[in-house]
Amino acid sequence: MNNVKSLLLALAISVVAIGAPIAVAIREAHEQSYRIESMRALSYARDVINRTDETTLQVMSAADTLRKSGAPACSPASVDLMRRFDLTSSYIQAVGHVEGDKLVCSSMGNTRPIPLGPALAHTVNGATIREATDLPGGQLGKLIVLQFGDLAAVIHRDLPIDTRTNEPDVALAVIQQGSRTPIAARGFIDRRWVDRLAGQHETGFVDQGYVVAVARSNRFQSAAVAAIPITYLNSRSTDLVWRLIPAGLLAGLLATAAILYLARQQLSLVGALRNALRSNELFMVYQPVIDMRTGAWVGAEALVRWRRATGELIRPDFFIPIAEKNGLINKLSQRVLELILHDTTRFLHSHPHFHIAINLSASDFNSPHLAEKILASLEASGLRPVNLIVEITERGLLDVHRAREITQRLQKWGIEIAIDDFGTGYSSLSYLESLHLDFLKIDRSFIESIGSGAPISLVVPHIIEIAHTLSMKIIAEGVENEAQHAYLVSRGVQFAQGMLFAKPMTCEDMVAAIRAREAYRPARSEHG
Ligand code: C2E
Ligand code: CA
Ligand code: CA
């Protein structure tokens, strides 16, 4: 990826990194405000329905007491009782005795019969709700009569909804369910809202610009509705957004800064790698390959290292992918080959059967003159092709026709090919069969699993079998302990690499170690 592309990508990521937290903040603010406003509406509706129930219960209990007292209607004893109810009940304005459509006596004393208004609703618990048309002191429409049998209680119509008076635009109502008759109402209420209960006890929703809550009575067929204008919700949510945005913005900016920092580091790393290829910052280490039957060091894998001018050592796992992504890998591989030949030529002249394995990348296999370049370099240093093994991962062999063309050309000259990290890629048996490769390297992750009992450990014998079937020589990678060693030997695996035998080292160290071993015990065996 070139610099402009990475910068554009970083820019796009920062837009998302800043935008996303803000979008989340706005959404969260809205949801939170809705939760708060609907809880508020619900608490109002509950309050209203409780007041309604409370009033009804007081009237019912008064009617009951009066009936049980046995005092004849409108007798002094009965009027006395009625007065007591009137005085003790917070909700009741007056209590009286009904005959026909008239109040014939009441806690207000025995006056002339007062006609009651038409029935507004009959409740399931046997009460009739009437308008109180002509009561002394009662302004029309303000009072209401709740009648149980022949006892009537006069109450203030607005009593149940006489709450939250400091919030005049909150609409409240008590509505008779079924008939949808409003018993008391304040502000805009749509009667059909009670239908939304649909058998539930309480419900909440947004409709016609209001956050609405409906709560049903536990005892009676009535329900309370509370509706709060949505403007409350919007202003609450705007408040919240303003409080959340700085945090979102900060998170976004931090993410962007981190991304830009990493992008810049990547860019400068690409530059540094380019520079390293020109200067002398790359060097090779060699990890011996052991013949497990004899213990002899029969070859080595060349592994590249990068020591920056700062002294920092960078692992190939980190910079090889960067080289691959930034079109530097062919140059790097060329440099690695030069380094290998420079390091090992003298030693290989004296050890003509020793092999050095070079790691090539998938894109090296796409470079048209790879095989010729390798051969030319070998010839220039006077080495024989049999001294070289090319390691390639399954990824490099994906295009089977191209892979076969190159591997066959290399093999024709005597260079052997190893499939690296086998088992971590996509190779199938038939695919491997068509390539006729020389070595199969079992990936470290499989060797690690030996003896662990993990399901992955079952793969190892399978891989060994594949190699045997295809007459490929096997190199086990990353052998770290005796148990792994013993297992591999018992399965007929001939070659191995790993910390158990030798870690990667400079060419000088390796040559010195080999000479020391030869002085102690002349090498008896070579692979091939
Ligand atoms: P790889 O080809 O699988 O190389 C083997 C890696 O395993 C090496 O890591 C080696 O140091 C490590 N190793 C060896 N024995 C043991 C052991 O017993 N235990 C453990 N835990 N690790 C062990 P290294 O040198 O860091 O290389 C990492 C990878 O970088 C290599 O994996 C290879 O894919 C790539 N690489 C290294 N050098 C080159 C190069 O010159 N060119 C290319 N294209 N890739 C290279
Ligand atoms: Ca390798
Ligand atoms: Ca490997």
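Last residue of the sequence shown? That's 531 in our numbering, and every number before it is there in order.
By construction, the Cβ of each residue, glycine as well, lies at the ideal position given by its N, Cα and C atoms.
Worksheet item: D362 by DSSP, collapsed to three states: which one?
Response: It is Asn, not Asp, that sits at residue 362 in the sequence shown. Strand, per DSSP.
Worksheet item: C108 bridges to which residues according to DSSP?
Response: Bridge partners of C108: H100.
Worksheet entry | Own chain residues within Cβ distance below 8 Å of T472, not counting five before or after | L432
Practice prompt. Starting from V307, follow its DSSP beta bridges and name the residues at the other end.
Written response: Answer is M287, bridged to V307.
Discussion item. Considering only their Cβ atoms, is the gap separating A299 from Q290 smaller than 8 Å?
Written reply: no
Discussion item. For ligand 3, is there any heavy atom lying closer than 7 Å to the beta carbon of L397?
Written reply: Note that residue 397 is Glu in the sequence shown here, rather than Leu. Incorrect: E397 has no Cβ contact closer than 7 Å to ligand 3.
Discussion item. I want to know whether the stretch 179 to 198 touches the stretch 73 to 84 - three or more CB-CB distances under 8 Å.
Written reply: When Cβ pairs closer than 8 Å are counted between the two stretches, the stretch 179 to 198 is seen not to touch the stretch 73 to 84, the count staying below three.
Item to complete: Can you tell me the Cβ-Cβ gap for L154 and L45, rounded? I've got them flagged as a contact below 8 Å.
Response: About 34 Å; that fails the 8 Å criterion.
Discussion item. At the level of alpha carbons, what is the spacing between V82 and G120?
Written reply: 22 Å
Worksheet item: Along the chain, where does the alpha helix (DSSP H) that runs through Y213 open and close?
Response: Per DSSP, Y213 belongs to no alpha helix (DSSP H); it is in the beta strand (DSSP E), Y213 to R219.
Worksheet item: DSSP three-state call for F449: helix, strand or coil?
Response: helix
Discussion item. So, for P232: in the same chain, excluding its five sequence neighbours on each side, which residues have a beta-carbon less than 7 Å away from its beta-carbon?
Written reply: D172, G212 and Y213
Worksheet item: Taking all protein chains shown into account, do 16 or more other C-beta atoms lie within 10 angstroms of the C-beta of R133, making it buried, or fewer, making it exposed?
Response: buried
Discussion item. Please report the straight-line C-alpha distance between H439 and V307, rounded to a whole angstrom.
Written reply: 27 Å
Fill in: L461 versus Q203 - alpha carbon distance
58 Å
Worksheet entry | With 16 other Cβ atoms within 10 Å as the buried cut-off, status of A65 | buried
Worksheet item: If you run the structure through DSSP and keep just helix, strand and coil, what is S271?
Response: Looking at S271 - three-state DSSP - the assignment turns out to be helix.
Worksheet item: Applying the criterion that 16 or more other CB atoms from any shown protein chain within 10 Å of the CB defines a buried residue, is V496 buried or exposed?
Response: buried
Discussion item. Measuring only from the beta carbon, is E480 closer than 7 Å to any heavy atom that is part of ligand 3?
Written reply: A distance criterion of 7 Å places the beta-carbon of E480 in contact range of ligand 3, judged by its closest non-hydrogen atom.
Discussion item. Can you tell me whether I392 is helix, strand or coil according to DSSP?
Written reply: Note: I392 maps to strand in three-state DSSP.
Worksheet entry | ligand 2 site residues, beta-carbon cut 5 Å against heavy atoms | N362, E394 and D423
Discussion item. For a test of the three-state rule: what should DSSP assign to P75, helix, strand or coil?
Written reply: The three-state reading of DSSP puts P75 in coil, since its state is none of H, G, I, E or B.
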